[in-house]
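Structure record follows, encoded as structure tokens.
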Amino acid sequence: MHKRSITLCMMAVTLFSCTSKDKVPSSTNDILRTTNEFDLTDTIPKIMIQDTSLAFPKIFEGSFLKGTKVAQFGTEIAFDKIAIGNLKISSGQIIATDPVMLSDAIAFSENFPVGEFPVELAMANINVNKDRRVAFARVKFSDKPIKKWAFALLPGQAPIPLKSKEIYGYGVDAGLGLFVDRAAKNNLDTLLDKNWDSMFSEKFEDYLNHSFQNQNAVFFSTGYGDGFYATYIGRDSEGKICQLLTDFDMVLWRNVAE
């Protein structure tokens, strides 16, 4: 088993699970999956957000705003935001994936702004068991209001509705996700091979912004851990990209009317 996986299996953290770096996508099912697998109940969450002007799904932006709460599964979830530094984007192409799968990952087909942009995590604080998890991770390119959200697509993928019965996304086996510029992919993959143990030791908590060779990557824990998670692009009224956001299925927003 690859050393990246060995370390994760030894960590006494329920968030992580054992996996192999050598696993490769066997079919399109690794990037397209039915949403029924994630609907554990038909409960409709009650989402309480002060800013009623937000585009659907309101929880995408609302989870980063003070005072947002969700009533779901018989408990209340309160949200707060963590800023974890900037992501350097030099090629305009971004990869979102499980770091164990990085060598096989490809960038989204969209061209993103070039520069350094803040990365933020929306933390879900679950009242019933005093638990705290990463609910959403985003790269923020603009402060302009988002008019519309859509799936971030890989080359060859056709657009689908937000509430489609199937979703695009990436599988997680290591309890971790990341954002990285495509130009930094190969250097990062080599870095992970050599430094996985030190980067993701028992001291790892929720996130890591790691710099290397004038590049960087941002890592974060993924909700309740392993699963299949979709990434979305938010655009303003002029169609310009404002945000790239990955949803870790902490809130069943698909059950809420638009």
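Numbering (the numbering used here) for the sequence shown: 636 to 893.
The beta carbon of each residue, even a glycine, is placed where N, CA and C say it ideally should be.
Check	Outcome
Enclosing alpha helix (DSSP H) for residue 900 [first to last residue]	No answer is possible for residue 900: the residues shown for the chain start at 636 and end at 893.
According to DSSP, residues forming a beta bridge with residue 631	The requested residue 631 does not occur in the structure, where the chain is confined to residues 636 to 893.
Cutoff 6 Å; reference residue 823; Cβ partners in own chain excluding five residues on either side	815 and 852
Pick from 787, 893 and 777 that is closest to residue 750, judged by C-alpha positions	777
Which of helix, strand or coil DSSP assigns to residue 888	helix
Sufficient close CB pairs (3 or more, under 8 Å) joining the segment 780-790 to the segment 699-717	no
Given 8 Å, three or more beta-carbon pairs between the segment 834-851 and the segment 715-732	yes
Per DSSP, the bridge partner or partners of residue 843	854
Bridge-paired residues (DSSP) for residue 692	Residue 692 is not bridged to any residue.
Residue from 742, 869, 735 and 762 whose Cα sits closest to the Cα of residue 727	742
Spatially closest choice to residue 845 from 695, 784 and 831, by CA coordinates	831
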